[in-house]
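J.: Starting off with a structure, shown below.
Chains as they are written, first to last, in my numbering: chain B, 175 to 1184; chain H, 12 to 387.
Here it is, written out as structure tokens:
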């Protein structure tokens, strides 16, 4: 039975075992339905699949065709398909473009229409032959051929033919590439190569190639003309073998380049014997050549014969060397600067001229740098160096060739000439003309002296040149002729003095002047008449002397004087003789007086100089005079000693800042000396530090004043100073002594202060001691009474106790003893306070500042000085509680306050006023300063004394009461040590008020404390 | 190992079909038609029979017991191991996105020495089976056999239930770990479907939702091929499973069965992932080939012939196509396995078993998958 039916039967069995036929039939029916359904689904699916596959096939075919067409139409080459008979079936767009036919025009026609007649004739035969024999001639190989366009033009093509079999039919696919351009390019390449060969043959360079082992494989023909060798002779050789190997340095560099396959340029070496006439120097450049795979093939490059250039360069170098040698040997200093103004070469003389600049005189240094190397070397003639240097640089850059003089500070004169060179550089020529210049100056001095002499001469003197023109005339000559002496120069002497009438010339012919000129002899004329400018005449006596030069007359000198007097003399000789004698006598006397006065004056001057020197030499103060440039022009021995300079050294001319500087000022340019030397005025400082050349610090007081000449022009600065170290020490000692003295003076008073409480403490203690004895007896009586009362009730004991109480004056004791104890305790604390104040006051001064409560310091001082003022005054305290703590030298300030308070007490005492004395001590904080004022209602200080009270050893107190140091110390402590101020005020007769101001912030000492 | 097999049907109620236990069962596996478990009485009755056993099972698309296929029934096998132990890990809040994580958690929970095999039952519609298997594999020790299946809901693809000791619920995934030196775990799986028609390319998909093949909406393709049967979608699509294959990989053919459609986006929803770039080919079933496929799966198990238990999990798609002839595949399997092996199983929405070519566990569709458990 079928398995399915078996199962169906099994499932259709009813509970009683009989089959349920209805159910069985339903299952069977259902099974058929299921089978049908399965078949139906299967069939449908297969139909669908078939449809889908067909669709897919069609799509693939269409896509392939479309793809083929796209390729056909877009391929760059002409593609055409022909059948077995040569008829064109397909003709793509590239073919249309190439042949000039539209596809419609060629499809169906024989392909030979696309060939030139020669090919066309044979084409059908080739095709037939192939189909018959199967022997391939072109199919699968491809070749170059000729084709013909629609317009009849033939052109070269590359043709490839493929065969396609489709069933029994065959098709041939031709792929055609137009190679016109390629052919043309090939032709051009051939032409280019030919051109290259021609150029290479005609160029002065020659071309070469090497293989990978650097052996020449090619050299252009030109090498024959250059080196006289046939190319064949060098082929196979390396450059090393051709001569480069003889030059190790070149060879090493070359080998390195070759090893690293680097390009090289301009490598020069000798070919052939290096000295002979045949010696050639060639220069080669080359680049490495690689194939497409970066495989090294060799080098390719050019060579050129550079023998002539090298020789020329050698000659040029030699010429340059000769020039350098020449420059070296020239006596003038010569320097050549290049176009950038940098020194190229200079000779030893140039270096010598600028001896102190020689560090800078090295090639490559710009001129401007040389100029600025040592500003002090040049005498800028009063100009600021920067301005002078700018002018000088301008001059240098102009390089006009005009000579000009530069003066050096060492006194030398250098004549400069700077000429422009063709290449833009500058040649500077320096001639040391110091000697000439000195001569010139001497000459000028001489000339001036002569002019002076001439001018002061009492006679007219006129110089004439060879042509009779006036070359000089002295003042007297001008006066005599009524002319300006200067204006006479250049005029004709003759015309000037004698052109009175037409016969002037005649007279002159026989005159001593013409004689002087004509015969070279001197002559004298008396009572000649010279014409004056105002046409009046003046009688003169004159003397003519020829000026001889090299044996010939080169001019003449005419000396004349007014003969009026002489003529008058002659006329009144008799009258005059006496007068003259008198005059002579008077003149003589006057002269002798003059001589005497002059002698005295000179003597006085000499004395004055010596005295001056003696004074400055013996001064304790140091004196230094500097010029505006800061150079010492005078220094006395004290200054040298104070500044620790060797006494033998002449410091004149030294820059002052090399000898000493003012601390915190640095060099001369920042010093007060320069300001004073420039602007005048006086600067004083009492407490400053000079730093000597060796670095030692000297505490000095100095004054610096301007040095003026007679015309009030400032010529420099005078610095006078003294070492204040000793003074400082003395002040310190005085301060200390003063403090000790104060303590000593106060000691008695303080002893008294302590004595009083000590006395009553003693009295009280004694009283308490006595009282205790009494109390002991009272207490003992009390004890006995208590015992008796307990034992027997006796009244006797009570009476004894009462008697003891009576005897001891118990009430009194009980009243007084607490008071005595309290008084004693007060006394002890008073003593303690005094002792503490003493301790605080006499605390030794500290070398450094400590932060101090000024109010407390004042309280301490008042306590310590209590005995000094308590009998004459009351003290009113007005102390500002908000006073900030002040960094200060506390012990020294205590001394200040003490001095002021004691002074106040003395002033009140000295005033002898009836009203009670009052000292008001107040403190306040104002404008960053602690202000302490001590006012009294004593005598006050007269206005006239106020300038002196702070001077040391000044006192108005009676002898024995003051040392005159108190206020001086106050001033020193307040001003110098605390940078503060101390002022005195108040009305005379009403009392004085001293005000001390101490800055909190800038509480820095003005001087250093040791 | 002792086994007792029970069958419940509406008219006949409980029948002990085979076997007897002389010691308490540790595990009761049951597979029930949809609706059979809803009133909770069947579970109570099982609990009464096997008070000490873990009672674990799921809903199906058809039940297998012995060499017969049942509908509207409940089949159960009670197992009393000699030595072996079991451990059950369960998660009942499965979602598609959490599938991987749940798989990994379950595998991690049952991991331990002596673990021989892990048998997994999972919700069949709310879980992404492919991700679940990946998650399980990610936390499993080499050498442990992983098998199992996705619960079914007849041919309606509605609510699928899984449960351990309590009434089965949707969204549950559970794994039974089998431990014991004497245990052997074998598996076999085969489809027997024939690919046909052109090979297509998955051009648009998202996890297990296939939108387009060769640019054509997937639903359009199925409708074309189903013709009149299209009105029975998605059930009728089970007739045309999809064979998918990774690019350039000939050895990893997987069969995907349709579990739903989305008419709005013209998409087909499969029981496992259909990745973009995979090639896909329609398959159709030939009655004889399918039956022969089941026999091949049985031959892979190579039964020892002893008193072993074979759990058969076959695809609902096979049942829909084979109709009344579905029994033939079970009979064939039983014939191959031999008379000593007890069989139980169900028609599922997806089978979990190592691939016969790659040996890597995969989610399968449209196969007969056999897990053989023996304690020698």
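Glycine is no exception: its CB is placed at the ideal position from the N, C-alpha and C atoms.
Tell me the start and end of each unbroken alpha helix (DSSP H) in the stretch 37-74 of chain H that is at least 4 residues and wholly inside, in chain order.
T.: If only complete runs of 4 or more residues are kept, the stretch 37-74 of chain H shows the alpha helix (DSSP H) at 52-60, in order along the chain.
J.: Mind listing the chain B neighbours of residue 201 of chain H? Cutoff is C-beta to C-beta under 7 Å, in chain order.
T.: As a working mapping, residue 201 of chain H is identified with position 190 in the second chain. Those do not exist, as residue 201 of chain H stays about 20 Å from chain B at its closest Cβ, beyond 7 Å.
J.: Closest to residue 288 of chain H by CA distance: which of H:25, H:164, H:42 and H:216 is it?
T.: On the second chain, position 277 is the one that residue 288 of chain H refers to. Selected option, being the one with the closest Cα: H:216.
J.: Counting only the same chain and skipping the five closest in sequence on each side, list residues whose C-beta sits under 7 Å from that of residue 606 of chain B.
T.: Within the first chain, numbered from 1, the residue matching residue 606 of chain B stands at position 432. Counting only Cβ-Cβ distances below 7 Å, and skipping sequence neighbours, we find 527, 586 and 588.
J.: Thinking C-alpha only, which one of B:1161, B:692 and B:1170 is nearest residue 1149 of chain B?
T.: Position 975 of the first chain, counted from the first residue, corresponds to residue 1149 of chain B. When C-alpha distances from residue 1149 of chain B are compared across B:1161, B:692 and B:1170, the shortest belongs to B:1170.
J.: Comparing the C-beta of residue 53 of chain H with each C-beta of chain D, is any distance below 8 Å?
T.: Here chain D cannot be found, since the structure's protein chains are B and H.
J.: Would residue 895 of chain B and residue 865 of chain B qualify as a contact pair, given that the criterion is a beta-carbon distance under 8 Å?
T.: Walking along the first chain from the start, residue 895 of chain B turns up at place 721. Walking along the first chain from the start, residue 865 of chain B turns up at place 691. For the pair residue 895 of chain B and residue 865 of chain B, the CB atoms are not nearer than the 8 Å cut-off.
J.: Which class does residue 264 of chain H belong to by DSSP, given the choice of helix, strand or coil?
T.: Here residue 264 of chain H refers to the residue found at position 253 of the second chain. Note: residue 264 of chain H maps to coil in three-state DSSP.
J.: Let me check understanding here. Comparing Cα to Cα, which of H:335, H:159 and H:376 lies closest to residue 176 of chain B?
T.: Translated into the one-based positions of the first chain, residue 176 of chain B becomes position 2. Minimum Cα distance to residue 176 of chain B is reached at H:335.
J.: Return helix, strand or coil for residue 364 of chain H, following the three-state DSSP convention.
T.: One-based indexing of the second chain puts residue 364 of chain H at position 353. Residue state, collapsed to three classes: strand.
J.: Tell me, please, whether the CB atom of residue 250 of chain H is closer than 8 Å to any CB atom in chain B?
T.: If you number the second chain from 1, residue 250 of chain H lands on position 239. True, the Cβ-Cβ gap to chain B drops below 8 Å.
J.: Take residue 322 of chain H as the anchor and find which of H:202, H:277 and H:196 has the nearest alpha-carbon.
T.: For the purposes of this step, residue 322 of chain H is taken as the residue at position 311 of the second chain. Answer by Cα proximity: H:196.
J.: Please report the straight-line C-alpha distance between residue 349 of chain H and residue 89 of chain H, rounded to a whole angstrom.
T.: Here the question's residue 349 of chain H lines up with position 338 in the second chain. Here the question's residue 89 of chain H lines up with position 78 in the second chain. Roughly 20 Å separates the two Cα atoms.
J.: In terms of alpha-carbon separation, which member of B:1147, B:1086 and B:1172 lies closest to residue 1163 of chain B?
T.: The count along the first chain starts at 1 and reaches residue 1163 of chain B at position 989. Per the C-alpha coordinates, the member of B:1147, B:1086 and B:1172 positioned closest to residue 1163 of chain B is B:1086.
J.: Evaluate the contact criterion for the stretch 141-160 of chain H versus the stretch 113-127 of chain H: three or more CB pairs, one atom per stretch, below 8 Å.
T.: yes
J.: Under the criterion of a Cβ to heavy atom distance below 7 Å, does residue 322 of chain H qualify as lining the ligand COA?
T.: Judged by which ligands are present, the structure shown has none, so any question about the ligand COA falls away.
J.: Give the residues of chain B in contact with residue 339 of chain H, contact being defined as C-beta atoms less than 9 Å apart.
T.: Here residue 339 of chain H refers to the residue found at position 328 of the second chain. What residue 339 of chain H touches in chain B: 177, 178 and 181.
J.: Establish whether the CB of residue 295 of chain H and some CB of chain B are separated by less than 8 Å.
T.: Working through the second chain from its first residue, we reach residue 295 of chain H at position 284. Closer than 8 Å to the CB of residue 295 of chain H there is at least one CB belonging to chain B.
J.: Any beta-carbon of chain H closer than 8 Å to the one on residue 227 of chain B?
T.: By one-based count along the first chain, residue 227 of chain B stands at place 53. So yes, residue 227 of chain B belongs to the interface.
J.: Is residue 932 of chain B helix, strand or coil by DSSP?
T.: Along the first chain, one-based indexing puts residue 932 of chain B at 758. Reduced to three states, the DSSP call for residue 932 of chain B is helix.
J.: Rounded C-beta distance between residue 538 of chain B and residue 567 of chain B? I'm assuming under 8 Å.
T.: Position 364 of the first chain, counted from the start, is the residue given in the question as residue 538 of chain B. Position 393 of the first chain, counted from the start, is the residue given in the question as residue 567 of chain B. 18 Å between Cβ atoms; not a contact.
J.: How many Å lie between residue 60 of chain H and residue 42 of chain H at the Cα?
T.: Translated into the one-based positions of the second chain, residue 60 of chain H becomes position 49. Translated into the one-based positions of the second chain, residue 42 of chain H becomes position 31. Each residue's Cα considered, the two are about 17 Å apart.
J.: Which residues, taken in chain order from the stretch 224-238 of chain H, show a beta carbon closer than 9 Å to some beta carbon of chain B?
T.: 235, 236, 237 and 238
J.: Which same chain residues end up closer than 7 Å to residue 557 of chain B when comparing Cβ atoms and leaving out the 5 residues on each side of it in sequence?
T.: Numbered from its first residue, the first chain carries residue 557 of chain B at position 383. If we look at residue 557 of chain B and ignore the five residues flanking it on each side, it has no Cβ neighbours.
J.: Might you give, ordered along the chain, the residues of its own chain that have their beta carbon closer than 6 Å to the beta carbon of residue 26 of chain H, omitting 5 neighbours on each side?
T.: Reading the second chain from its first residue, position 15 is the one you call residue 26 of chain H. The residues are 18.
J.: Could you tell me whether the stretch 199-206 of chain H touches the stretch 292-312 of chain H, where touching means 3 or more Cβ pairs closer than 8 Å?
T.: yes
J.: Thinking residue 40 of chain H and residue 355 of chain H are a contact (beta carbons under 8 Å), I'd like their distance in whole angstroms, please.
T.: Here residue 40 of chain H corresponds to residue number 29 of the second chain, with the count starting at 1. Here residue 355 of chain H corresponds to residue number 344 of the second chain, with the count starting at 1. That belief holds up - the Cβ atoms of residue 40 of chain H and residue 355 of chain H are roughly 6 Å apart, short of 8 Å.
J.: DSSP beta-bridge partners for residue 284 of chain B?
T.: In the first chain, residue 284 of chain B corresponds to position 110, counting from 1. Note: residue 284 of chain B sits in a beta bridge opposite B:261.
J.: Distance, Cα to Cα, residue 476 of chain B vs residue 380 of chain B?
T.: The sequence position of residue 476 of chain B within the first chain is 302, counting from 1. The sequence position of residue 380 of chain B within the first chain is 206, counting from 1. Answer to the nearest angstrom: the Cα atoms are 5 Å apart.
J.: Which residues share a DSSP beta bridge with residue 871 of chain B?
T.: By 1-based counting over the first chain, the position of residue 871 of chain B is 697. Beta-bridge pairing links residue 871 of chain B to B:865.
J.: Which two residues bound the contiguous beta strand (DSSP E) that contains residue 1096 of chain B?
T.: Here residue 1096 of chain B corresponds to residue number 922 of the first chain, with the count starting at 1. Counting along the chain, the beta strand (DSSP E) containing residue 1096 of chain B begins and ends at 1091-1100.
J.: So is residue 168 of chain H in contact with chain B if we call contact Cβ pairs under 8 Å?
T.: Taking the first residue of the second chain as 1, we reach residue 168 of chain H at position 157. No, residue 168 of chain H does not count as interfacial toward chain B.
J.: Based on the DSSP output, what are the partners of residue 133 of chain H in its beta bridges?
T.: In the second chain, counting from the first residue as 1, residue 133 of chain H sits at position 122. Residue 133 of chain H pairs with H:161 and H:184.
J.: Using 8 Å as the limit for Cβ to Cβ distance, is residue 346 of chain H near chain B?
T.: As a working mapping, residue 346 of chain H is identified with position 335 in the second chain. Chain B contact via Cβ: absent.
J.: Assuming contact is defined by CB atoms lying nearer than 8 Å, are residue 890 of chain B and residue 799 of chain B in contact in what I supplied?
T.: By 1-based counting over the first chain, the position of residue 890 of chain B is 716. By 1-based counting over the first chain, the position of residue 799 of chain B is 625. Yes. Within cutoff.
J.: Give a yes or no on contact between the stretch 771-780 of chain B and the stretch 867-885 of chain B, applying the rule of three or more CB pairs nearer than 8 Å.
T.: no
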